[in-house]
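The structure appears below as structure tokens.
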Amino acid sequence: MTSTPLQTVQAYLAAYAARDLAAVEPLLAESVTLRDWKIRVVGKAAALAETRKNFDAVQHLRIDVLAAYERAGGVAAELAIVIDGQDTLHVVDVFEFGADGRIAAIRAFIGRGD
Numbered sequence: 045m046t047s048t049p050l051q052t053v054q055a056y057l058a059a060y061a062a063r064d065l066a067a068v069e070p071l072l073a074e075s076v077t078l079r080d081w082k083i084r085v086v087g088k089a090a091a092l093a094e095t096r097k098n099f100d101a102v103q104h105l106r107i108d109v110l111a112a113y114e115r116a117g118g119v120a121a122e123l124a125i126v127i128d129g130q131d132t133l134h135v136v137d138v139f140e141f142g143a144d145g146r147i148a149a150i151r152a153f154i155g156r157g158d
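Per our numbering, residue 45 is the first one in the sequence shown, and the count goes up by one each step.
Next comes the structure, spelled out in structure tokens:
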């Protein structure tokens, strides 16, 4: 992969908002870890299955990036995720990258909008 970690995160978030599992898949490392306030899964197949469940539970997603911070091997992004035009989740996602430039871990932390 030739993109920067921030560009990869932007591509991931765009694919996620579009509910495009085929576009999410190549961005993830085989041994990716996905963790949020409810679940923890390890491995690309498990992460994609969890992502599919999230996609199936909603009709429309909008992800607003409120702030993003990049460091060597990682990105943190403060997000407002609007679900079906009604509910808004405020989260911080922390992304870690493998040597191949793919996402090796995503840790999501729920917050507040104020």
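The C-beta atom is built at its ideal place from N, Cα and C for all residues, glycine as well.
Boundaries of the beta strand (DSSP E) around D137: D131 to F141. Under the three-pair Cβ rule at 8 Å, the region 71-85 counts as touching the region 142-154. Nearest C-alpha to I107 among V53, D80 and T48: V53. Runs of alpha helix (DSSP H) with 4 or more residues, each lying fully within the region 81-140, are found at 88-100, listed in chain order.
Taken in chain order, the unbroken stretches of alpha helix (DSSP H) that lie wholly in the region 47-86 and span 4 residues or more are 49-61 and 65-68. Secondary structure of R151 (DSSP, three-state): strand.
If you draw a straight line from the Cα of A62 to the Cα of D137, it is about 18 Å long. Ranked by Cα distance from L123, the options Y56, S47 and L65 are led by Y56. Counting only residues of its own chain and dropping the five nearest sequence neighbours on each side, I154 has a CB closer than 6 Å to the CB of W81 and V135.
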